[in-house]
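S.K.:
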Amino acid sequence: MNKAVKFSILDLSPVPQGADVKTALDRSLALAQHGESLGFERFWMAEHHGMAGIASAATSVALAHVGSGTKTIRIGAGGIMLPNHAPMVIAEQFGTLEALFPGRVDLGLGRAPGSDQRVAQAMRRNLNTDPNQFPRDVLELQALLEGDEALGIQATPGAGSKIPLYILGSSLFGAQLAAALGLPYAFASHFAPQALDEALAIYRRDFKPSAQLSEPYAMCGFNIFAADTDDEAEHLATSMMQSFVALRTGNPGKLPPPVEGYRESLPPQAQSMLAQIMQGSAVGAPDAVLSSVRAFLDRTQANELIVCGSIFDQTAREKSYGLAAEVRDLIAA
């Protein structure tokens, strides 16, 4: 196991039932400030669209809110869904963030729409895109951020910022692309863990060093729901479980409050689906979380865990990340 493993935060800026988008974004800022005080490496927000329960659709704008209220923690996208955007626009947006918060900005890139087909159509106008366009768009964005004169255009701001790029994925495609381009790879094991082991193996086997990165660097998404007791942690986790079930059954909404005995109340098929999704998760008191995280790190040899945990109550959410930081320190020691 890599003893120097870093811990970071992935935040979807969940909108709790009974609250609004401003509340969600202010809670995200408070979580980033808390994470900064606890020594988390970075705070990433994710691009999703057309979902009442997620406030980070305009990801670069949400990151500006977080960046303005923090000082040292890295901020970035985990990720920007590049097929939704022209590379020039993203170069300008993240070049602006880098100008505002120098040396603190990351840019993770994914190729999923972050929405359903109807919402994707509303954003892109045309879904008849070449499936090979994503790698070309990544290279174009990379060239724009480097200020490559061969392009004949300059992103202002953006050119010369050399913001570090990360490839995100939940399948083998992202692993192959990250390896070919010599970029860090972040796997979405917090909600789609099925291909995790094979993807990491391919990434490490095929990695080609680049100007940004000399050897493979793997991040893994991981849910942590930590509390004083196992029962309390399981209770907190039911908010996210309800969200997963609602999403998979075509009925997404705001983050619901926790429900006692929720998992046991589900039919076997839904329980099985949750068990599969929650493979990349630790739910429990600190000792149980420590054991789960150690096992996951032993299995994956990840360089970094990016921790997710959609918890309804903000105080409980911040406490969970505090306990996660204690687990990180125990592992490092």
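Last residue of the sequence shown? That's 344 in my numbering, and every number before it is there in order. Think of the CB as a built atom: it goes at the ideal place given N, C-alpha and C, for glycine as much as any other residue. Predicted model only: the values in this text are computed from it and were never measured.
Excluding the 5 residues flanking Pro146 on each side, which residues of the same chain have their C-beta closer than 7 Å to its C-beta?
M.R.: Along the sequence shown, one-based indexing puts residue 146 at 135. Counting only Cβ-Cβ distances below 7 Å, and skipping sequence neighbours, we find Leu188.
S.K.: Do the segment 58–72 and the segment 274–286 meet, that is, are 3 or more Cβ pairs less than 8 Å apart?
M.R.: no
S.K.: DSSP state of Ile317, grouped into three classes?
M.R.: Within the sequence shown, residue 317 is the residue found at index 306, counting from 1. DSSP places Ile317 in strand when its eight states are reduced to three.
S.K.: Do the segment 42–58 and the segment 15–26 touch if we need at least three Cβ pairs shorter than 8 Å?
M.R.: As far as the Cβ criterion goes, the segment 42–58 touches the segment 15–26, which means the pair count is three or higher.
S.K.: Give the secondary structure of Arg310 by DSSP, where H, G and I count as helix, E and B as strand, and everything else as coil.
M.R.: Position 299 of the sequence shown, counted from the start, is the residue given in the question as residue 310. It is helical.
S.K.: Sort Val32, Glu157, Gly171, His201 by Cα distance to Ser181 and report the nearest one.
M.R.: Counted from its first residue, the sequence shown places residue 181 at position 170. Closest by alpha carbon: His201.
S.K.: Can we say the segment 286–299 touches the segment 244–257, given the rule of at least three CB pairs closer than 8 Å?
M.R.: The segment 286–299 vs the segment 244–257: in contact.
S.K.: Let me check understanding here. Comparing Cα to Cα, which of Leu266, Pro25, His45, Ile322 lies closest to Arg67?
M.R.: Taking the first residue of the sequence shown as position 1, residue 67 is located at position 56. It should be pointed out that residue 67 corresponds to Ser in this sequence rather than to Arg. It is Pro25.
S.K.: Classify Asn13 as helix, strand or coil using the three-state DSSP reduction.
M.R.: Taking the sequence shown and counting its residues from 1, the one referred to as residue 13 is at position 2. Model confidence at Asn13 stands at a pLDDT of 49, short of 50, so the residue's coordinates are unreliable; what they give is reported in the following sentence. DSSP places Asn13 in coil when its eight states are reduced to three.
S.K.: Can you give the Cα-Cα distance for Lys265 and Ala237, rounded to whole angstroms?
M.R.: Stepping through the sequence shown from its first residue, residue 265 is reached at position 254. Stepping through the sequence shown from its first residue, residue 237 is reached at position 226. Answer to the nearest angstrom: the Cα atoms are 22 Å apart.
S.K.: Please report the distance separating the alpha-carbon of Tyr332 from that of Asn95.
M.R.: Position 321 of the sequence shown holds residue 332. Position 84 of the sequence shown holds residue 95. Roughly 32 Å separates the two Cα atoms.
S.K.: In angstroms with no decimal places, state the Cα-to-Cα distance between Val149 and Ala97.
M.R.: Counting from 1 along the sequence shown, the entry for residue 149 is found at position 138. Counting from 1 along the sequence shown, the entry for residue 97 is found at position 86. Val149 and Ala97 have their C-alpha atoms spaced approximately 10 Å apart.
S.K.: Roughly how many angstroms lie between the CA atoms of Leu120 and Phe105, to the nearest whole one?
M.R.: Position 109 of the sequence shown, counting from 1, holds the residue named residue 120. Position 94 of the sequence shown, counting from 1, holds the residue named residue 105. When rounded, the separation of the alpha-carbon atoms in Leu120 and Phe105 is 12 Å.
S.K.: Return the chain-ordered list of same chain residues with a C-beta closer than 6 Å to the C-beta of Ala15, the five sequence neighbours on each side being excluded.
M.R.: If you number the sequence shown from 1, residue 15 lands on position 4. Closer than 6 Å at the Cβ level, and outside the excluded window around Ala15, lies no residue.
S.K.: Alpha carbons only, please: which of Glu160, Thr81, Asp31, Glu245 is nearest the one belonging to Leu49?
M.R.: Mapped onto the sequence shown, residue 49 falls at position 38. Ranking the options by Cα distance to Leu49, first place goes to Thr81.
S.K.: Between the alpha carbons of Pro27 and Lys219, how many angstroms are there, rounded?
M.R.: As a working note, residue 27 is residue 16 in the sequence shown. As a working note, residue 219 is residue 208 in the sequence shown. About 43 Å.
S.K.: Just the C-alpha distance for Cys231 and Thr34, rounded to the nearest angstrom, thanks.
M.R.: For the purposes of this step, residue 231 is identified with residue 220 of the sequence shown, where counting begins at 1. For the purposes of this step, residue 34 is identified with residue 23 of the sequence shown, where counting begins at 1. One C-alpha to the other measures close to 28 Å.
S.K.: Go through its chain and collect everything with a Cβ distance to Gly295's Cβ below 6 Å, but skip five positions before and after it.
M.R.: To locate residue 295, count along the sequence shown from 1; it is residue 284. Correct list, in chain order: Asp241, Ala244.
S.K.: Considering Cα atoms alone, identify which of Tyr214, Gly169, Arg122 is closest to Ala191.
M.R.: For this step, residue 191 is matched to residue 180 along the sequence shown. Checking every option, the nearest Cα to that of Ala191 belongs to Tyr214.
S.K.: From the DSSP output, read off the bridge partner residues of Met56.
M.R.: On the sequence shown, residue 56 is found 45 positions in, with the first residue counted as 1. Its beta-bridge partners are Asp22, Ala88.
S.K.: Taking all protein chains shown into account, do 16 or more other C-beta atoms lie within 10 angstroms of the C-beta of Ile84, making it buried, or fewer, making it exposed?
M.R.: Locating residue 84 in the sequence shown gives position 73, where the first residue counts as 1. Result: buried.
S.K.: Hey, how far is the Cα of Pro267 from the Cα of Ala102?
M.R.: Here the question's residue 267 lines up with position 256 in the sequence shown. Here the question's residue 102 lines up with position 91 in the sequence shown. Looking at the two C-alpha atoms, the distance is approximately 36 Å.
S.K.: Measure the C-alpha to C-alpha separation of Ile235 and Gly169 and round it to an integer number of angstroms.
M.R.: Here residue 235 corresponds to residue number 224 of the sequence shown, with the count starting at 1. Here residue 169 corresponds to residue number 158 of the sequence shown, with the count starting at 1. Going from the Cα of Ile235 to the Cα of Gly169 covers about 35 Å.
S.K.: Straight-line CA distance for Ala110 to Tyr273?
M.R.: Sequence index remark: in the sequence shown, residue 110 carries index 99 (1-based). Sequence index remark: in the sequence shown, residue 273 carries index 262 (1-based). Using only the alpha carbons, I get a separation of about 46 Å.
S.K.: Give every residue of the same chain whose Cβ lies closer than 6 Å to the Cβ of Gln165, excluding the five residues on either side of it in the sequence, and list them in chain order.
M.R.: Taking the first residue of the sequence shown as 1, we reach residue 165 at position 154. Taken in chain order, the list of residues that qualify is empty.
S.K.: Which residue marks the beginning of the beta strand (DSSP E) containing Val116, and which one marks its end?
M.R.: Start at 1 with the first residue of the sequence shown, and residue 116 comes out as number 105. Start and end: 116–121.
S.K.: Using the C-alpha atoms, what's the distance from Thr70 back to Val100?
M.R.: Sequence index remark: in the sequence shown, residue 100 carries index 89 (1-based). Sequence index remark: in the sequence shown, residue 70 carries index 59 (1-based). The alpha-carbon atoms of Val100 and Thr70 are separated by roughly 13 Å.
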